[in-house]
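In this text, residue positions in the sequence shown follow our numbering: the first is 282, and each later residue adds one.
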Amino acid sequence: MHRLKYLLVFTLPLTVVVAFEMEGLWTFFPMLIFFCVVPILELFIPPDRANLEKKIAEDEKNKRIYDYILYATLPIQVGFVGYFLFVMNNTVFGSLEFFGRIISMGLMCGVIGINVGHELGHRLNRWEQLVGEMLLLTSLNTHFLPYHNGGHHKNVATPADSATARKNEIIFLYWIRSHFGSYVEAWQLENERLQRENKPWFSFRNRMIGYSIANVLLLSGIGFFLGIYTLMAFVIAAVIGILLLETVNYIEHYGLLRNQRDNGSYEPVRHQHSWNSDHVLGRTILFNLSRHSDHHFSGSKKYQVLKSHANSPQMPTGYPGMMLMALAQPVWFRIMNERLKKYQPET
Numbered sequence: 282m283h284r285l286k287y288l289l290v291f292t293l294p295l296t297v298v299v300a301f302e303m304e305g306l307w308t309f310f311p312m313l314i315f316f317c318v319v320p321i322l323e324l325f326i327p328p329d330r331a332n333l334e335k336k337i338a339e340d341e342k343n344k345r346i347y348d349y350i351l352y353a354t355l356p357i358q359v360g361f362v363g364y365f366l367f368v369m370n371n372t373v374f375g376s377l378e379f380f381g382r383i384i385s386m387g388l389m390c391g392v393i394g395i396n397v398g399h400e401l402g403h404r405l406n407r408w409e410q411l412v413g414e415m416l417l418l419t420s421l422n423t424h425f426l427p428y429h430n431g432g433h434h435k436n437v438a439t440p441a442d443s444a445t446a447r448k449n450e451i452i453f454l455y456w457i458r459s460h461f462g463s464y465v466e467a468w469q470l471e472n473e474r475l476q477r478e479n480k481p482w483f484s485f486r487n488r489m490i491g492y493s494i495a496n497v498l499l500l501s502g503i504g505f506f507l508g509i510y511t512l513m514a515f516v517i518a519a520v521i522g523i524l525l526l527e528t529v530n531y532i533e534h535y536g537l538l539r540n541q542r543d544n545g546s547y548e549p550v551r552h553q554h555s556w557n558s559d560h561v562l563g564r565t566i567l568f569n570l571s572r573h574s575d576h577h578f579s580g581s582k583k584y585q586v587l588k589s590h591a592n593s594p595q596m597p598t599g600y601p602g603m604m605l606m607a608l609a610q611p612v613w614f615r616i617m618n619e620r621l622k623k624y625q626p627e628t
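Below is the structure:
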């Protein structure tokens with residue numbers, strides 16, 4: 282039964298059906314559930330810091346049910362993109378329903394398109410990586426994998442990392458720095474990889490070129506067959522998904538830095554270099570993404586066996602609540618800067 286708890290992610294598309302089929306404020310139903318109900322519940326449900334025993338973890342690591350749940354998100358996500366395009370083609374531009382449905386699809390792009398794409402993008406199997414790339418395409422965030430795997434995991438908790446939020450950095454400026462910085466770095470990383478392989482950068486071996494073509498074809502197809510307003514709706518939904526990702530990046534690494542050695546290199550990545558949350562609902566819906574300290578300590582570890590570590594910096598609540606707190610910047614700085622002193626006294 283414990284394996285099936287990750288099916289909780291599919292409550293999101295169920296709420297999005299309500300948004301697509303109903304009118305008025307009902308179109309904001311997914312937002313109500315995941316950014317009002319879930320954060321309130323996580324204030325009262327205690328965190329679960331229990332880890333699987335070593336032998337059990339070895340068994341669970343190879344259980345295919347966990348992979349099948351991830352794979353199932355691809356047809357659902359692609360289906361909902363089509364569903365969204367059909368609905369938006371028949372929604373009055375600028376109406377309450379127009380904005381509610383875009384926000385609802387944006388949640389799908391962030392939670393399923395990008396988050397599951399991230400999990401599968403860490404897999405060593407090329408087929409699983411391809412599924413991850415297809416999920417990321419639904420959110421127009423295909424550059425994520427070259428940057429994330431080749432740059433972020435290498436440079437996390439250093440000034441060189443675009444996705445590491447600095448202490449007192451304003452989140453709205455961080456969104457811009459992180460997203461565009463990671464995009465530029467993705468191109469740089471692909472160029473460097475091809476140079477090492479003695480291959481030309483301008484070829485289909487360059488993943489960024491392939492991703493760019495895929496994005497252009499997708500957007501051109503939507504615009505050609507469904508028109509500019511439906512295209513605009515899809516782009517805004519994808520941007521919302523990207524902003525959800527960047528907000529998560531912000532809360533995961535805020536203010537944490539690795540020590541720099543005399544020779545200019547940095548100490549290895551350890552559990553204390555990412556914020557952790559063991560709050561059950563957000564953790565389960567996001568496939569244990571909030572056990573982020575262990576994810577950075579071992580990037581290829583599957584989500585079902587990620588651990589909680591006592592020396593990891595702990596968030597005061599789950600991801601949905603932390604994301605809301607991050608948008609209330611004075612509250613965020615007051616709470617998190619004080620908490621940061623415990624883990625980096627020099628700050």
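Don't be surprised by glycine CBs; every beta carbon is placed ideally from N, CA and C. Note that the structure is predicted; figures quoted are calculated from it, not measured.
Exposure of L288 is indicated by the presence of fewer than 16 other C-beta atoms within 10 angstroms of its C-beta. A Cβ-Cβ contact shorter than 9 Å links Y352 with V412.
Distance check between S555 and each of S571, V561, R284 and L567 places S571 closest, using alpha-carbon atoms only. Put simply, the backbone Cα of L333 is about 15 Å away from that of F568. In the DSSP assignment, P427 falls within the unbroken alpha helix (DSSP H) covering F425 to Y428.
Sequence-distant Cβ neighbours of F374 in its own chain, meaning closer than 7 Å and more than five residues away, are Y510. According to DSSP, N557 shares a beta bridge with Q595. Distance between R486 and L416, taken at the CA atoms: about 20 Å.
Taking the Cα of L621 as reference, the smallest distance to any Cα among V561, H573 and L537 is reached at L537. Between E478 and G602, the alpha-carbon positions lie close to 45 Å from each other. The three-state reading of DSSP puts Q541 in strand, counting E and B together.
For F309, the closest of L366, Y349 and F380 by C-alpha to C-alpha distance is F380.
Cβ-Cβ distances below 7 Å link S574 to H552, S555, N557, H590 and S593 in the same chain, with the five nearest sequence neighbours on each side left out; the list follows chain order. The beta carbon of N496 lies closer than 8 Å to those of L418, L421 and T423 in the same chain, with the five residues before and after it left out. Assignment of alpha helix (DSSP H) within the region 490 to 553, counting only whole runs of 4 or more residues, yields 509 to 534 in chain order.
Under the three-state reduction of DSSP, E450 is assigned to coil, being neither helix nor strand. When C-beta atoms of the region 524 to 536 are compared with those of the region 442 to 456, three or more pairs fall below 8 Å, so the two segments count as touching. Excluding sequence positions up to five before and after V299, its CB lies within less than 7 Å of the CB of W307 and F310, all in the same chain and listed in chain order.
A Cβ-Cβ distance of about 16 Å is found for the pair M312 and A514, leaving them out of contact under the 8 Å criterion. CA-to-CA, the gap between M604 and N396 works out to about 15 Å. By the criterion of a C-beta distance shorter than 8 Å, Y347 is surrounded in its chain by R284, Y287, E341, K583, Y584 and Q585, once the five residues flanking it on both sides are discounted. For Y347, the enclosing alpha helix (DSSP H) starts and ends at R345 to M369. A Cβ-Cβ distance of about 7 Å is found for the pair G563 and V319, placing them in contact under the 8 Å criterion. Proximity to S581 across A338, G402, L295 and L322 peaks at G402, based on C-alpha coordinates.
Nearest in C-alpha terms to G398, of all of V465, Y547, E414 and Q610, is E414. When the beta-carbon positions are compared, E466 and Y492 stay at least 9 Å from each other.
In this structure, I383 sits away from I503, with a CB-CB distance that is not shorter than 9 Å. Taking C-beta atoms as the reference points, A607 and Y547 fail to come closer than 9 Å.
If you compare the alpha carbons of P356, A519, A331 and S484 with that of L500, the shortest gap goes to A519. Counting C-beta atoms within 10 angstroms of its own C-beta, R615 has fewer than 16 neighbours from the protein chains shown and is therefore classed as exposed. Cβ neighbours of M596 within its own chain (closer than 6 Å, five residues either side excluded): W556, S558 and M603. Measuring C-alpha to C-alpha distances from G363 to each of R345, F301, I321 and R330 identifies F301 as the nearest. In the three-state reduction of the DSSP assignment, D575 falls in the helix class, which pools H, G and I. Comparing alpha carbon positions, the residue from K588, G545, Q625 and G462 closest to K335 is K588.
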